[in-house]
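Peer 1:
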Ligand code: 76R
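Numbering (our numbering), first residue to last: 7 to 257.
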């Protein structure tokens, strides 16, 4: 027990060393607007240390970064740590700290918050909410993430449609989305040139079936029916770091 505690203390000291090196030696990697986002999907390794994981998450929050933690269902991952920061170095240091705390990274997605070009006309307040969202939204524990792109092949190429045609399709998309007002919060983060798909889709819903219903409903929108391609879907429940670690068995 004493040995374990000492191990934790050493690891936490190690995090401080990495973090203070980063702060002293490296210029911030900050987007022109908005935030960097990582979705980190972890499994609990045999050496995982609860205190060290909690310390890494609270350090990030103390620096002003946003953290969403979720207990995931199924074999793909035990937990998700979604983190948003003005400085991509801080996201890197968080990832390092969680790996040193004994979590094993099984998948990840890198993206940036953005205002869609089709939302250029929305009120400033809405744009700010897209660029600087406050997460997690209250009372929406059902959580889902998947990456998606718009098709660009012979059968359908979103990128050869002119802007007005794309805008009309996105208007149809937005209208079917608004039917879920109050039940669901979507966060679309851009990842063209950053990760394997063009967007990360993060959904927070009141109930798990809201997730299924919104994605099913949108399958019929032309923007999705003809043009959307999807990556791996991840599903879980948002909870505090303490609750997540307990429910995935990291006691
Ligand atoms: O920002 C806004 O709310 C304005 C309207 C809007 C835009 C511009 C909007 C509304 N979305 C926009 C952009 Mn969306 N969205 C998805 C998915 O599963 C699928 O078929 C697609 C995954 C869901 C579930 C969803 C939900 N949306 C986008 C974009 C970027 C396109 C671009 O820039 O080219 C993607 C990839 C995307 C995908 N969307 C809404 C929703 C919901 C629920 C809404 C209504 C939100 C609200 O009114 O609060």
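Ideal Cβ positions, reconstructed from N, Cα and C, are used throughout, including at glycine. Note that the coordinates shown come from a computational prediction; the quantities given were computed from them, not determined experimentally.
Rounded to the nearest angstrom, what separates residue 238 and residue 25 at their Cα positions?
Peer 2: In the chain shown, the residue the question calls residue 238 occupies position 232. In the chain shown, the residue the question calls residue 25 occupies position 19. Spanning the two alpha carbons is a distance of roughly 32 Å.
Peer 1: Residue 179 by DSSP, collapsed to three states: which one?
Peer 2: The sequence position of residue 179 within the chain shown is 173, counting from 1. Residue 179: helix per DSSP, three-state reduction.
Peer 1: Can you list, in chain order, the residues of its chain with a C-beta nearer than 7 Å to that of residue 22? Leave out the 5 residues immediately preceding and following it.
Peer 2: Within the chain shown, the letter at position 16 stands for residue 22. Closer than 7 Å at Cβ, skipping near neighbours: no residue.
Peer 1: Can you give me the start and stop residues for the alpha helix (DSSP H) that residue 61 sits inside?
Peer 2: On the chain shown, position 55 is the one that residue 61 refers to. Start and end: 56-68.
Peer 1: Assign residue 142 to buried or exposed, taking buried as 16 or more other Cβ atoms, counted over all protein chains shown, within 10 Å of its Cβ.
Peer 2: Numbered from its first residue, the chain shown carries residue 142 at position 136. Buried, since its Cβ has 16 or more Cβ neighbours within 10 Å.
Peer 1: For the pair the stretch 29-46 and the stretch 95-105, tell me if three or more CB-CB distances fall below 8 Å.
Peer 2: Yes: the two stretches touch, three or more of their Cβ pairs being nearer than 8 Å.
Peer 1: Using a Cβ-Cβ cutoff of less than 7 Å, which residues in the same chain neighbour residue 49 once the five nearest sequence positions on both sides are dropped?
Peer 2: Sequence index remark: in the chain shown, residue 49 carries index 43 (1-based). If we look at residue 49 and ignore the five residues flanking it on each side, its Cβ neighbours are 83, 84, 110 and 112.
Peer 1: Residues bridged to residue 158 by DSSP?
Peer 2: Counted from its first residue, the chain shown places residue 158 at position 152. Paired residue(s): 163.
Peer 1: To the nearest angstrom, how far is it from the Cα of residue 62 to the Cα of residue 86?
Peer 2: Along the chain shown, one-based indexing puts residue 62 at 56. Along the chain shown, one-based indexing puts residue 86 at 80. Approximately 14 Å, taken between the alpha carbons.
Peer 1: If you draw a straight line from the C-alpha of residue 255 to the C-alpha of residue 163, how long is it?
Peer 2: On the chain shown, residue 255 is found 249 positions in, with the first residue counted as 1. On the chain shown, residue 163 is found 157 positions in, with the first residue counted as 1. Each residue's alpha carbon lies about 46 Å from the other.
Peer 1: Give every residue of the same chain whose Cβ lies closer than 7 Å to the Cβ of residue 8, excluding the five residues on either side of it in the sequence, and list them in chain order.
Peer 2: For this step, residue 8 is matched to residue 2 along the chain shown. Any reading at residue 8 is ruled out, since the residue's pLDDT is 37, under 50, leaving its predicted position unreliable.
Peer 1: From residue 247 to residue 191, what distance separates their C-alpha atoms?
Peer 2: The residue labelled residue 247 in the question sits at position 241 within the chain shown. The residue labelled residue 191 in the question sits at position 185 within the chain shown. One C-alpha to the other measures close to 21 Å.
Peer 1: Which word fits residue 251, buried or exposed, when buried means at least 16 other C-beta atoms lie within 10 angstroms of its C-beta?
Peer 2: The count along the chain shown starts at 1 and reaches residue 251 at position 245. Under this definition residue 251 is a buried residue.
Peer 1: Given 7 Å as the limit, tell me if residue 260 has its C-beta closer than that to any heavy atom belonging to ligand 1.
Peer 2: Since the first residue shown for the chain is 7 and the last is 257, residue 260 is missing from the structure and cannot be characterised.
Peer 1: Using C-beta distances below 8 Å, list every residue in its chain close to residue 201, excluding the 5 sequence neighbours before and after it, in chain order.
Peer 2: Counting from one through the chain shown, the residue named residue 201 turns up at place 195. If we look at residue 201 and ignore the five residues flanking it on each side, its Cβ neighbours are 115, 116, 117 and 153.
Peer 1: For residue 181, tell me which candidate among 107, 132 and 227 has the shortest Cα-Cα distance.
Peer 2: Along the chain shown, one-based indexing puts residue 181 at 175. With distances taken between Cα atoms, residue 181 lies closest to 227.
Peer 1: Mapping the DSSP letters down to three states, classify residue 138 as helix, strand or coil.
Peer 2: Residue mapping note: residue 138 aligns to position 132 of the chain shown, counting from 1. Three-state result, residue 138: coil.
Peer 1: Starting from residue 220 and walking both ways along the alpha helix (DSSP H), at which residues does that stretch end?
Peer 2: For the purposes of this step, residue 220 is identified with residue 214 of the chain shown, where counting begins at 1. First-last of the alpha helix (DSSP H) with residue 220: 214-225.
Peer 1: Considering only the beta carbon of each residue, do residue 217 and residue 105 sit closer than 8 Å?
Peer 2: Locating residue 217 in the chain shown gives position 211, where the first residue counts as 1. Locating residue 105 in the chain shown gives position 99, where the first residue counts as 1. Going by C-beta atoms, residue 217 is not nearer than 8 Å to residue 105.
Peer 1: List the whole-angstrom C-beta distance separating residue 212 from residue 189, where the pair is believed to meet the contact cut-off of C-beta under 8 Å.
Peer 2: Stepping through the chain shown from its first residue, residue 212 is reached at position 206. Stepping through the chain shown from its first residue, residue 189 is reached at position 183. 5 Å between Cβ atoms; contact.
Peer 1: Does ligand 1 have a heavy atom nearer than 7 Å to the CB of residue 31?
Peer 2: Here residue 31 refers to the residue found at position 25 of the chain shown. Because no heavy atom of ligand 1 lies under 7 Å away, the Cβ of residue 31 does not count as near it: no.
Peer 1: Quick check on residue 217 - is its C-beta less than 8 Å from some C-beta in chain B?
Peer 2: Protein chains in the displayed structure number just one, and chain B is not present.
Peer 1: Can you give me the Cβ contacts of residue 10 inside the same chain, cut-off strictly under 6 Å, excluding the 5 residues immediately before and after it?
Peer 2: Along the chain shown, read from residue 1 onward, the residue named residue 10 stands at position 4. Per-residue confidence for residue 10 stands at a pLDDT of 49, beneath the threshold of 50, marking its modelled position as unreliable; the derived number appears in the next sentence. Excluding residues within five positions, none has a Cβ falling inside 6 Å.
Peer 1: Output the distance between the C-alpha atoms of residue 225 and residue 232, rounded to the nearest integer angstrom.
Peer 2: Locating residue 225 in the chain shown gives position 219, where the first residue counts as 1. Locating residue 232 in the chain shown gives position 226, where the first residue counts as 1. One C-alpha to the other measures close to 9 Å.
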